[in-house]
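Counted from 1, the sequence shown has number 76 at position 76 by full-length UniProt numbering; the numbering is strictly sequential.
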Amino acid sequence: MAQGKSDGQSSRWSLHGTTALVTGGTRGIGHAVVEELAGLGAKVHTCSRNEAELAECLKDWEGKGFAVTGSVCDASSRPQREALITHASSLFDGKLNILVNNVGTIISKPTTEHTAEEYAMLMSTNLESAYHFCQLAHPLLKASGAGSIVFVSSVAGLVSVGSGSVYGATKVPFRAWDG
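Here is the structure:
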């Protein structure tokens, strides 16, 4: 992980002057991605549906000297996704270099036990949000002149790992979108 602004990193890995939006950046892989991008010099905006968790992370990142901002956003909500992109656009002057579609949730139980509401929530959070964020961010990525999109998938999208087939089904499409 990047430890700060000058820890011997090669200039070829510098992200100074770039902007990034990382969805679901307060835990796990998303948290690590935020720290790595910020440690390499990018200005990062992230989101979480948990306001207290977001505030704690922002305080920690500020203490590390990272340029990270954040918004509360439930990625399963179209209006909240739209508000997040609008806010990121205002923060980054209408330009975005990196979109990291990381947000995801899981309900580990047998497929036959998922309710229709749980299925819809998993699909909306894990799959629909990534597609919609790409659509919404496209003008910002294009305006940057050098936009990149990253999808955080899962091995559960390749093989059964016991976490539930519904979760795996939300991760399979990312393989088709990476080309």
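Ideal Cβ placement from N, Cα and C applies to all residues, glycine included.
Computed from a predicted structure; not experimentally measured.
Would you identify the three-state DSSP class for residue i, choosing helix, strand or coil?
| i | result |
| --- | --- |
| LEU99 | strand |
| ILE86 | Here residue 86 turns out to be Thr, not Ile, going by the sequence shown. Correct three-state label for THR86: helix. |
| SER71 | strand |
| SER165 | helix |
| PHE151 | strand |
| PRO139 | helix |
| HIS132 | helix |
| GLY157 | Here GLY157 scores only 47 on pLDDT, less than 50, and its place in the model is too uncertain to base an answer on. |
| ALA116 | helix |
| THR105 | coil |
Going by Cα to Cα distance, which pick from the options is closest to residue i?
| i | options | result |
| --- | --- | --- |
| CYS134 | GLY24, MET121, SER148 and LEU122 | SER148 |
| VAL68 | CYS47, ALA75 and ALA120 | CYS47 |
| GLY104 | TYR131, LEU122 and PHE92 | LEU122 |
| HIS132 | ARG49, ALA83 and ILE106 | ALA83 |
| LYS59 | LYS109, CYS73, GLU128 and THR26 | THR26 |
Is residue i close to chain E, meaning its C-beta is less than 8 Å from at least one C-beta of that chain?
| i | result |
| --- | --- |
| VAL68 | The question asks about chain E, but that chain is absent: this structure has only one protein chain. |
Assuming residue i and residue j form a contact by the criterion Cβ under 8 Å, report the distance between their Cβ atoms to the nearest whole angstrom.
| i | j | result |
| --- | --- | --- |
| ALA137 | PHE151 | That belief does not hold up - the Cβ atoms of ALA137 and PHE151 are roughly 13 Å apart, past 8 Å. |
| SER76 | THR125 | 4 Å |
Complete runs of the alpha helix (DSSP H) confined to the stretch 10 to 58 [at least 4 residues]: 28 to 39
Do the stretch 111 to 122 and the stretch 85 to 92 meet, that is, are 3 or more Cβ pairs less than 8 Å apart? no
For the structure I just gave you, are there three or more beta carbon pairs, one from the stretch 50 to 59 and one from the stretch 92 to 101, closer than 8 Å? no
Do the stretch 37 to 48 and the stretch 13 to 22 touch if we need at least three Cβ pairs shorter than 8 Å? Contact holds between the stretch 37 to 48 and the stretch 13 to 22, because three or more Cβ pairs, one in each stretch, are under 8 Å apart.
Can you confirm whether the stretch 59 to 66 touches the stretch 21 to 38 when touching is taken to mean that 3 or more C-beta pairs between the two stretches lie within less than 8 Å? Yes: the two stretches touch, three or more of their Cβ pairs being nearer than 8 Å.
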